[in-house]
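For reference, the structure is listed below as structure tokens.
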Amino acid sequence: MAVDPLIELRDVNKHFGTLHVLRDITLTVGRGEVVVVIGPSGSGKSTLCRTINRLETIESGHIVIDGKPLPEEGKGLAQLRAEVGMVFQSFNLFAHKTVLANVSLAQMKVRGRKKDEADRRSRELLERVGLAGQADKLPAQLSGGQQQRVAIARALAMDPKALLFDEPTSALDPEMINEVLEVMRQLARDGMTMVVVTHEMGFARSAANRVVFMADGRVVEDRTPEDFFTAPESDRAKDFLSKIL
Ligand code: ADP
Ligand code: MG
26 MAVDPLIELR DVNKHFGTLH VLRDITLTVG RGEVVVVIGP SGSGKSTLCR
76 TINRLETIES GHIVIDGKPL PEEGKGLAQL RAEVGMVFQS FNLFAHKTVL
126 ANVSLAQMKV RGRKKDEADR RSRELLERVG LAGQADKLPA QLSGGQQQRV
176 AIARALAMDP KALLFDEPTS ALDPEMINEV LEVMRQLARD GMTMVVVTHE
226 MGFARSAANR VVFMADGRVV EDRTPEDFFT APESDRAKDF LSKIL
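Below, the structure is given as structure tokens:
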């Protein structure tokens, strides 16, 4: 596939103290691609997401987003985090703000929208994630699956070029996982560029263009889901799949 690269990492290295958590990571995510990242706990998946959003610094290598190097700080950084949104396992909503305010606040602060305009956009997005009618509630009045969909609406409200998901369904009760995955599948169908760390192999098979398997801070395999799930090449991937499938 001829990819139009949106996210590019080249030879990225990162340590936490003496722990080498990202080792020579080279990875390209094309515009409109869905890349699912899987691998054992501690393999560096979250750190990888966080470096793309510059929630973590790197020691060597290059990260380029839509043709531009990752900004170091300041305004460029806020812009980057709007353009490359992140959805976390733990939702991270403001507990004392309504659902509507949670989705509108950053639009006003980062995108400079007036309240009316931001609220209008928020309501559209809440409808898109199946939460029309929940706008005036507080997060705690919603289920976990609903809260995660608010977090997705909030990220979408920035008009991002790409979204990073770090185990978005891991904190959810089983019956709520699918409603969140369905919103993500719809985003994928609409052409959103997505990097998704998940243990949901059904999602990886059905929605991913590529599966990236990480172990010990390295990208060990980077292939289509068909190839990866039917014929993993590395012993690490075979071992991992034998434990989870
Ligand atoms: P994964 O998401 O694949 O489980 P992480 O990226 O969270 O892996 O972590 C990779 C390794 O880095 C783990 O050994 C973890 O303990 C370590 N680590 C993650 N964050 C920090 C941190 N802020 N300080 C020190 N070590 C960390
Ligand atoms: Mg993690």
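Per the numbering used here, residue 26 is the first one in the sequence shown, and the count goes up by one each step.
Heads up, the beta-carbon is just placed ideally off N, CA and C, and yes, glycines get one too.
| query | result |
| --- | --- |
| Look up K93 in the DSSP assignment and say whether it is helix, strand or coil. | strand |
| Of all the beta strand (DSSP E) runs that stay within the bounds of the stretch 164 to 224, which reach a length of 3 or more residues? | 187 to 191 and 218 to 222 |
| According to the neighbour-count rule (16 or more other Cβ atoms, all chains shown, within 10 Å of its Cβ), is A157 buried or exposed? | exposed |
| Helix, strand or coil: how does DSSP classify L151 here? | helix |
| Once you ignore the five residues that flank K186 on each side, which residues in its own chain have a CB closer than 7 Å to its CB? | L31, D91, E108, V109 and T218 |
| Taking all protein chains shown into account, do 16 or more other C-beta atoms lie within 10 angstroms of the C-beta of F228, making it buried, or fewer, making it exposed? | buried |
| Measuring only from the beta carbon, is K122 closer than 7 Å to any heavy atom that is part of ligand 2? | no |
| Please write down, chain order preserved, every residue whose beta carbon lies under 5 Å from a heavy atom of ligand 1. | F41, V46, S66, G67, S68, G69, K70, S71 and T72 |
| For ligand 2, I want to know if V222 counts as a neighbour, meaning its beta carbon is within less than 7 Å of at least one of the ligand's heavy atoms. | yes |
| Considering K39, what are the terminal residues of the beta strand (DSSP E) in which it resides? | P30 to F41 |
| Which residue wins for smallest C-alpha separation from L73, given the options A103, K93, K100 and M111? | M111 |
| At what residue ranges does the stretch 98 to 150 contain a whole run of the alpha helix (DSSP H), taking only runs of 4 or more? | 99 to 108 and 124 to 134 |
| What does the alpha-carbon distance come out to for the pair T123 and L167? | 11 Å |
| Thinking just about the alpha-carbon of each residue, which of P65, E98, S66 and K93 is nearest to the one in E81? | E98 |
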